[in-house]
Amino acid sequence: MEHGNSITSEGDAAAANRSAVVLSAEHISKTFGGIAALVDVGFELRRGEIHALMGENGAGKSTLMKIFSGIYTDYDGTVNVDAHPVRFAGVRDAEHAGIAIIHQELNLVPELNVADNIFLGREKLIAGLVVDRKASSDAAGALLQRLGIELNPEARVGSLRVGEQQLVEIAKALSMSARILIMDEPTSALSPAECQRLFRIIRQLADSAVAIVYISHRIDEVMQLASRVTVFRDGRRVLTEAMAKLDEDTIISAMVGRNLLTSSQEERGPSGKVVLSVSGLSLSKPDRHGWRT
Numbered sequence: 002m003e004h005g006n007s008i009t010s011e012g013d014a015a016a017a018n019r020s021a022v023v024l025s026a027e028h029i030s031k032t033f034g035g036i037a038a039l040v041d042v043g044f045e046l047r048r049g050e051i052h053a054l055m056g057e058n059g060a061g062k063s064t065l066m067k068i069f070s071g072i073y074t075d076y077d078g079t080v081n082v083d084a085h086p087v088r089f090a091g092v093r094d095a096e097h098a099g100i101a102i103i104h105q106e107l108n109l110v111p112e113l114n115v116a117d118n119i120f121l122g123r124e125k126l127i128a129g130l131v132v133d134r135k136a137s138s139d140a141a142g143a144l145l146q147r148l149g150i151e152l153n154p155e156a157r158v159g160s161l162r163v164g165e166q167q168l169v170e171i172a173k174a175l176s177m178s179a180r181i182l183i184m185d186e187p188t189s190a191l192s193p194a195e196c197q198r199l200f201r202i203i204r205q206l207a208d209s210a211v212a213i214v215y216i217s218h219r220i221d222e223v224m225q226l227a228s229r230v231t232v233f234r235d236g237r238r239v240l241t242e243a244m245a246k247l248d249e250d251t252i253i254s255a256m257v258g259r260n261l262l263t264s265s266q267e268e269r270g271p272s273g274k275v276v277l278s279v280s281g282l283s284l285s286k287p288d289r290h291g292w293r294t
């Protein structure tokens, strides 16, 4: 009996650990020149979940993520990491807290190789003076292998496809021990095959307890990938729900602020009402003066 209770306790502890909130926002507001970008926003991210963040352009998605990642430091409200209030002074602070963001415009140096990009600014040194390129290459190779990414650490990043460069960004984030990964429109320039490879790696990261915020406009991929979704509209959070409880129409309605079926019916107007009528119209070939009827 004691053994059974032990197994149950361990299972409960594992479940609680899995559902722990690792990043949250409370009453976040942010303005730019008097224009509200975020208004009293709340958000929470759990360990090991893929949480989709959706909304039309200008809804406030990227603004909140830039607050989380230390890019924006001037805002009202509270950010919590592991239930502790934090106020990042910059990107380095956020990275030290385990938060990394992969922007839609990749932040890599094309002239450098994969390993150099992964450890840029954190190069492995010999005697604290000379870059140990072999150590960097070996470490990068081990990291890529762990992710199931087949890339040569010595390959020049500028020679890689966009999808491959994005994988380098992911490896770079994980090399900094990131446990919270923010991805902004990661599939915007990827082929279908590259998207599927990216999804496999994202699921693998979530299974290893990395928490992921996935920003996208593509509802089909969000529905197959995310466990929860939050929708922003006009700088406000209007929906947070388990993906299993939502359908495409509900998500779109939350994004645009109206029921699509009702709006479509209203635009069509009452059935049977004639709005345009033509009769007895004929048209012959044009002469040099123009069209003749």
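To convert, take the position in the sequence shown, counting from 1, and add 1; that gives the working numbering. Positions of the beta carbon are idealized from the N, C-alpha and C atoms, including for glycine.
What is the DSSP secondary structure of residue i, counted as helix, strand or coil?
i      : result
Ser280 : coil
Met2   : The predicted position of Met2 is uncertain, since its pLDDT is 48 and thus under 50; a value taken from the coordinates is nonetheless stated next. Looking at Met2 - three-state DSSP - the assignment turns out to be coil, as it is neither helix nor strand.
Thr251 : helix
Met55  : strand
Glu27  : strand
Ile171 : helix
Gly164 : helix
Met1   : Here the chain covers residues 2 to 294 and nothing more, so residue 1 does not appear.
Gly43  : strand
Leu240 : strand
Arg147 : helix
Val275 : coil
Ala156 : coil
Could you compute how far the alpha carbon of residue i sits from the alpha carbon of residue j?
i      : j      : result
Leu199 : Val276 : 50 angstroms
Ile252 : Val232 : 8 angstroms
Ile127 : Asp41  : 49 angstroms
Ser192 : Val163 : 9 angstroms
Ile100 : Ile183 : 8 angstroms
Ser332 : Lys274 : There is simply no residue 332 to check, as the chain begins at 2 and stops at 294 in what is shown.
Gly78  : Arg237 : 14 angstroms
Thr241 : Met256 : 12 angstroms
Ser189 : Ala37  : 27 angstroms
Ile72  : Gln225 : 30 angstroms
Arg147 : Ser25  : 29 angstroms
Leu121 : Lys62  : 28 angstroms
Met244 : Arg234 : 18 angstroms
I'd like to check one pair, residue j with residue i: are the Cβ atoms closer than 8 angstroms?
i      : j      : result
Val214 : Met66  : yes
Thr64  : Gly91  : no
Leu166 : Leu107 : Reading off the sequence shown, one finds Gln at residue 166, where the question assumed Leu. Yes.
Asn114 : Ala140 : no
Ala212 : Leu46  : yes
Val223 : Ala53  : yes
Ser30  : Tyr76  : yes
Gly43  : Glu57  : no
So residue i and residue j are in contact, right, with Cβ under 8 angstroms, and what is the actual spacing, rounded?
i      : j      : result
Ser228 : Ile51  : 6 angstroms
Lys125 : Ala136 : 4 angstroms
Ala116 : Ser138 : 5 angstroms
request  = Just list the beta strand (DSSP E) runs in the segment 60-139, keeping only unbroken ones of 3 residues or longer that don't cross its boundaries, in chain order.
outcome  = Taken in chain order, the complete beta strand (DSSP E) segments of 3 or more residues contained in the segment 60-139 are 77-82, 85-87, 100-103.
message = Restricting to runs no shorter than 4 residues, where is the alpha helix (DSSP H) found entirely within the segment 181-238?
response = Correct list: 193-208, 220-226.
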